[in-house]
Amino acid sequence: MYKELLPNNCPPCDASEQDIILFRAFYNSDSNDLANYLSYAQLHTENEKYKNVCRAHGLSFFDTMETALLKTKKLDVHFIAKIQIKKDFGKLYLTNKNDGHYTLWLYNTFSSTNVKCLEINEIN
Amino acid sequence: MELENKYSLPTEVIGKLTVVELLDFVDFPLLTVESTISGKLFLNYFERFRDNFEERYLIEISEARLKLIRSGELSVKDAFNRAENQIVFICYFDNTSKLIELYFQPCDLFSSLNPITDNYKINNEPNRNDLPLNELLILSKQRDKLVLGFYLTAKSLQSSLKYWAIKNFLTPLYEMLLQSLGINLKNRKDRDLFNQLNVGITDLALSSLRGNLELNNISNLFGDNFQTIRLSKIFDLFNSTDKATLIKSLDDVNNKKILHKYINILNSVSKNDAILLTSLATPKEETFSTRIDKAKANQIKKIINEEYPIVEDIEEIEGQFLELDMSIKQPTFAMSALNEDFIYKGKLTSELLVKIPLKDINFKGKEYLFTVKTLYRQETSTSPEKNEHFLLDFQELTP
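So the protein sequences, as listed, match chains A and B.
With numbering that gives the first Met the number 0, the residue at position 40 of the first sequence is 39, and numbering never jumps.
With numbering that gives the first Met the number 0, the residue at position 133 of the second sequence is 132, and numbering never jumps.
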């Protein structure tokens with residue numbers, strides 16, 4: 000069902016499918032490039048430490064551009080994209096309500112080519 | 000951070016670390032709580048990438064200090080400036096999280112260079128709507144015990160713990176566990192095994208209903224552990240959602256009374272729209288997990304109601320006679336169990352009626368071993384659950 004083999008009880012039971020507009024940090028400007036939708040676990044396949052950590056298999060999104068910028072400034076990312084999340088992408092969970100941080104666990108039917116990007120901004 | 004060689008340490012000083020909590024994870028572990036095998040906790044902060052290595056700062060931290068960080072009362076910067084043991088470790092990890100270089104700095108020196116942003120606060124009690132399996136694994140290894148974690152959430156449990164959660168969830172779960180291990184506490188001979196396994200509930204938290212059930216890890220000469228094998232069958236049962244696997248799982252647990260307890264748990268999940276998470280961790284790093292919500296509980300209950308409308312259980316119970324009424328068409332009995340606060344009332348079987356005159360029955364405190372058959376009739380849309388007891392036999396207990 001999910002794109003990755005997830006640990007037990009992952010995603011959390013109250014994660015849900017949602018149609019929602021959120022912001023995500025990208026490595027490049029192509030919003031349909033799969034490289035922008037790889038989880039930490041996929042990017043670090045040889046790292047066993049986070050294999051059983053649920054959120055390491057999910058993707059981070061934010062409800063505002065400002066928080067997305069602030070929270071990803073230490074990472075090697077260059078763009079912030081405004082994305083239309085669809086219910087068939089996967090299960091979404093509000094990880095931290097204080098900073099509007101969401102985590103999305105992708106279904107195996109997810110294709111980056113179907114993502115609709117509403118806006119993209121380069122980070123200076 | 001530029002560091003002199005005099006602050007260098009062998010990497011073995013920090014042992015293997017396991018992530019127990021993510022305080023800040025944004026596509027990358029920015030701030031985590033990690034534990035050594037001996038249970039020492041570290042706060043691990045990511046500062047930057049340097050020459051393909053992750054520069055991270057670690058401090059040993061107490062649970063009390065962590066609470067302050069989680070609540071936002073203590074900033075991350077201050078936590079490092081005022082580390083409890085006055086030492087900050089500066090670590091360089093490769094991309095497999097292997098520690099490559101390790102340095103230390105006394106807190107007063109580190110605080111003058113500390114690059115962590117002043118206002119970096121967590122201010123978010125991490126969502127605990129899961130059972131942290133890593134924590135259970137560490138606990139299991141530390142205590143060399145099997146640890147079964149449970150977490151029951153429901154709307155009605157948000158403000159306070161309710162009686163139904165104890166009566167219809169915790170008690171049946173505890174009894175299921177004992178029964179799967181072949182322990183009947185109503186029976187004297189099983190108490191030795193119970194004491195040997197030292198089964199008990201620890202770390203009970205009342206925000207919803209969360210806790211651990213722990214038992215000793217006893218292996219035979221070949222290293223096999225009968226408790227793990229039997230408890231894993233309970234998880235097979237919890238994870239069975241179709242008729243064939245459910246029937247097979249019940250055959251495997253080979254104890255019909257478990258089914259009755261399981262039905263109690265399923266009913267409490269269904270009626271209270273609750274979610275039950277359970278995980279088992281063993282010192283050998285074996286793990287088993289399950290999740291049951293209302294929909295799954297109803298699905299399983301439907302199969303059980305169709306397949307097992309009446310569940311029969313025969314058990315031996317130590318107790319004392321309270322009453323025998325032979326004057327009615329179907330004679331009745333009443334007995335109080337020695338090891339539970341319960342009075343069994345029911346009918347005598349015709350086979351026993353033949354033997355009764357031969358028995359020297361004592362109602363003044365003499366103890367007997369009773370063989371009691373119980374029929375559990377499942378709840379239906381028109382009638383509630385009903386239990387019937389039948390006395391099959393009894394023997395005087397030798398002191």
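Ideal Cβ placement from N, Cα and C applies to all residues, glycine included.
Between the alpha carbons of LEU135(B) and GLU314(B), how many angstroms are there, rounded? For the purposes of this step, residue 135(B) is identified with residue 136 of the second sequence, where counting begins at 1. For the purposes of this step, residue 314(B) is identified with residue 315 of the second sequence, where counting begins at 1. Roughly 34 angstroms between the two C-alpha positions.
Residues of chain B with CB closer than 9 angstroms to the CB of LEU58(A), please, in chain order. The count along the first sequence starts at 1 and reaches residue 58(A) at position 59. At a beta-carbon threshold of 9 angstroms, the residues of chain B lying near LEU58(A) are ASP26, ordered along the chain.
Assign MET0(A) to buried or exposed, taking buried as 16 or more other Cβ atoms, counted over all protein chains shown, within 10 Å of its Cβ. By 1-based counting over the first sequence, the position of residue 0(A) is 1. MET0(A) is classed as exposed because its beta carbon has fewer than 16 other beta carbons within 10 Å across all chains shown.
N-terminal and C-terminal residue of the alpha helix (DSSP H) that TYR173(B) is part of: Position 174 of the second sequence, counted from the first residue, corresponds to residue 173(B). Where TYR173(B) is concerned, the enclosing alpha helix (DSSP H) stretches over 170-179.
Just checking ASP191(B) against the ligand HEM - is the residue's beta carbon closer than 7 angstroms to any of the ligand's heavy atoms? In the structure shown, the ligand HEM is absent, as is every other ligand, since no ligand is present at all.
Pop quiz: LEU132(B) and ALA280(B) are said to be a contact at Cβ under 8 angstroms. What is the actual Cβ separation, rounded to whole angstroms? The count along the second sequence starts at 1 and reaches residue 132(B) at position 133. The count along the second sequence starts at 1 and reaches residue 280(B) at position 281. 7 angstroms between Cβ atoms; contact.
Chain A contact for ILE274(B) (CB, 8 angstroms cutoff): What you label residue 274(B) is simply residue 275 of the second sequence in a count that begins at 1. Answer yes: the Cβ-Cβ gap between ILE274(B) and chain A drops below 8 angstroms somewhere.
Chain B beta carbons: is any one of them nearer than 8 angstroms to that of THR112(A)? Residue numbering aside, residue 112(A) sits at position 113 when the first sequence is read from its first letter. With 8 angstroms as the cut-off, THR112(A) does not count as an interface residue toward chain B.
I need the boundaries of the alpha helix (DSSP H) containing SER231(B), first residue and last residue. Here residue 231(B) refers to the residue found at position 232 when the second sequence is read from its first residue. Here the alpha helix (DSSP H) through SER231(B) covers 225-237.
Taking only beta-carbon positions, decide if THR227(B) is within less than 8 angstroms of chain A. As a working note, residue 227(B) is residue 228 in the second sequence. At a cut-off of 8 angstroms between beta-carbon atoms, THR227(B) makes no contact with chain A.
Buried or exposed for PRO6(A), please, with buried defined as at least 16 other CB atoms from any protein chain shown within 10 angstroms of its CB. Numbered from its first residue, the first sequence carries residue 6(A) at position 7. By the neighbour-count rule (16 or more Cβ atoms within 10 Å), PRO6(A) is buried.
Based on DSSP bridge pairs, tell me the residues matched to CYS90(B). Here residue 90(B) refers to the residue found at position 91 when the second sequence is read from its first residue. Paired residues: ARG55(B), LEU101(B).
Going by DSSP, name the residue or residues bridged to SER34(B). To locate residue 34(B), count along the second sequence from 1; it is residue 35. DSSP lists THR17(B), LEU40(B) as partners of SER34(B).
So, helix, strand or coil for THR244(B), using DSSP? The count along the second sequence starts at 1 and reaches residue 244(B) at position 245. In the three-state scheme derived from DSSP, where H, G and I count as helix and E and B as strand, THR244(B) is classed as helix.
Could you check where the alpha helix (DSSP H) with ASN215(B) kicks off and where it finishes? In the second sequence, residue 215(B) corresponds to position 216, counting from 1. For ASN215(B), no alpha helix (DSSP H) run applies; the uninterrupted beta strand (DSSP E) run containing it begins and ends at 208-215, by DSSP.
Identify each residue in the region 33-58 of chain A for which the Cβ-Cβ distance to at least one residue of chain B is less than 8 angstroms, and report them in chain order. Listed by position along the chain: SER38, TYR39, HIS43, GLU45, ASN46, GLU47, LYS48, TYR49, ASN51, VAL52, CYS53, ARG54, ALA55, LEU58.
If you measure from the beta carbon of THR63(A) to each beta carbon in chain B, is any gap under 8 angstroms? Position 64 of the first sequence, counted from the first residue, corresponds to residue 63(A). It does not; no Cβ of chain B falls within 8 angstroms.
Quick check on TYR101(A): buried or exposed, where buried means 16 or more other Cβ atoms within 10 Å of its Cβ? Position 102 of the first sequence, counting from 1, holds the residue named residue 101(A). Buried is the label assigned to TYR101(A), since at least 16 other Cβ atoms lie within 10 Å of its Cβ.
What residues in its chain sit with their C-beta under 8 angstroms from that of PRO125(B), if we drop five residues either side in the sequence? Counting from one through the second sequence, the residue named residue 125(B) turns up at place 126. In this predicted model, PRO125(B) has a pLDDT of only 46, less than 50, meaning its place in the structure is not dependable; the value taken from the coordinates is given anyway. So the list reads GLU20, LEU21, LEU22, ARG69, once near-sequence residues are dropped.
For ASP116(A), write down the residues that DSSP places opposite it in a beta bridge. Within the first sequence, numbered from 1, the residue matching residue 116(A) stands at position 117. First, the residue type needs correcting, since residue 116(A) is Cys and not Asp in the sequence shown. DSSP lists ILE82(A) as the beta-bridge partner residues of CYS116(A).
Note down, in chain order, all residues in the region 286-300 of chain B with a beta-carbon under 9 angstroms from any beta-carbon belonging to chain E. In the structure shown, chain E does not exist; the protein chains are A and B.
Does the count of Cβ pairs from the region 310-328 of chain B and the region 282-290 of chain B closer than 8 angstroms reach three? The region 310-328 of chain B vs the region 282-290 of chain B: no contact.
In chain order, what residues of the same chain lie with their CB nearer than 7 angstroms to the CB of GLY14(B), ignoring the 5 residues before and after it? Within the second sequence, numbered from 1, the residue matching residue 14(B) stands at position 15. These residues qualify, in order along the chain: THR35, ILE36.
Nonlocal neighbours in the same chain, by C-beta distance under 7 angstroms from VAL18(B), ignoring five residues either side: As a working note, residue 18(B) is residue 19 in the second sequence. Only THR31, GLU33, ASN133 meet the Cβ criterion.
What residue ranges within the region 343-391 of chain B form continuous alpha helix (DSSP H) runs of no fewer than 4 residues, ordered along the chain? Within the region 343-391 of chain B, the complete alpha helix (DSSP H) segments at least 4 residues long are 349-354, listed from N- to C-terminus.
Residues near THR71(A) by beta carbon distance below 6 angstroms, same chain, minus five either side: As a first step, residue 71(A) is located in the first sequence; it is residue number 72 there, counting from the start. Contacts found: ALA24.
Check each candidate in LEU91(A), GLY57(A), SER59(A), ILE82(A) and name the one with the smallest Cα separation from ASP13(A). Along the first sequence, read from residue 1 onward, the residue named residue 13(A) stands at position 14. The candidate whose alpha carbon is nearest that of ASP13(A) is LEU91(A).
One or two residues paired with HIS100(A) in a DSSP bridge: The residue labelled residue 100(A) in the question sits at position 101 within the first sequence. Beta-bridge partners assigned by DSSP to HIS100(A): PHE61(A), ASN95(A).
Cutoff 6 angstroms; reference ASN211(B); Cβ partners in own chain excluding five residues on either side: As a position in the second sequence, residue 211(B) is number 212, starting the count at 1. The answer, listed in chain order, is VAL146, GLY148, THR201, ASP202.
Give me, in chain order, the residues of the same chain whose beta-carbon lies closer than 6 angstroms to that of ARG290(B); leave out the 5 immediate sequence neighbours on both sides. The residue given as residue 290(B) occupies position 291 in the second sequence. Cβ contact annotation for ARG290(B) (same chain, cutoff 6 angstroms, sequence separation greater than five): LEU276, in chain order.
Given this structure, state the Cα-to-Cα distance separating ASP292(B) from ASP312(B), to the nearest angstrom. Here the question's residue 292(B) lines up with position 293 in the second sequence. Here the question's residue 312(B) lines up with position 313 in the second sequence. If I take the Cα positions, the gap works out to 27 angstroms.
Determine, for THR100(A), whether the minimum Cβ-Cβ distance to residues of chain B falls below 8 angstroms. Here residue 100(A) corresponds to residue number 101 of the first sequence, with the count starting at 1. As written in the sequence, residue 100(A) is His, which differs from the Thr given in the question. So, interface residue.
Using CA atoms only, rank isn't needed, just tell me which of MET175(B), ARG81(B), ASN113(B), VAL252(B) is closest to ILE89(B). Translated into the one-based positions of the second sequence, residue 89(B) becomes position 90. It is ASN113(B) whose Cα lies nearest to the Cα of ILE89(B).
Write down the C-beta distance between MET175(B) and ILE228(B) rounded to the nearest angstrom, noting that I regard them as a contact closer than 8 angstroms. For this step, residue 175(B) is matched to residue 176 along the second sequence. For this step, residue 228(B) is matched to residue 229 along the second sequence. Contact between MET175(B) and ILE228(B) is absent: CB atoms are separated by about 16 angstroms, not below the 8 angstroms threshold.
For the putative contact between LEU68(A) and ILE79(A), defined by C-beta atoms under 8 angstroms, what is the C-beta separation to the nearest angstrom? Translated into positions along the first sequence, residue 68(A) becomes position 69. Translated into positions along the first sequence, residue 79(A) becomes position 80. Sure, about 6 angstroms apart at Cβ, within 8 angstroms.
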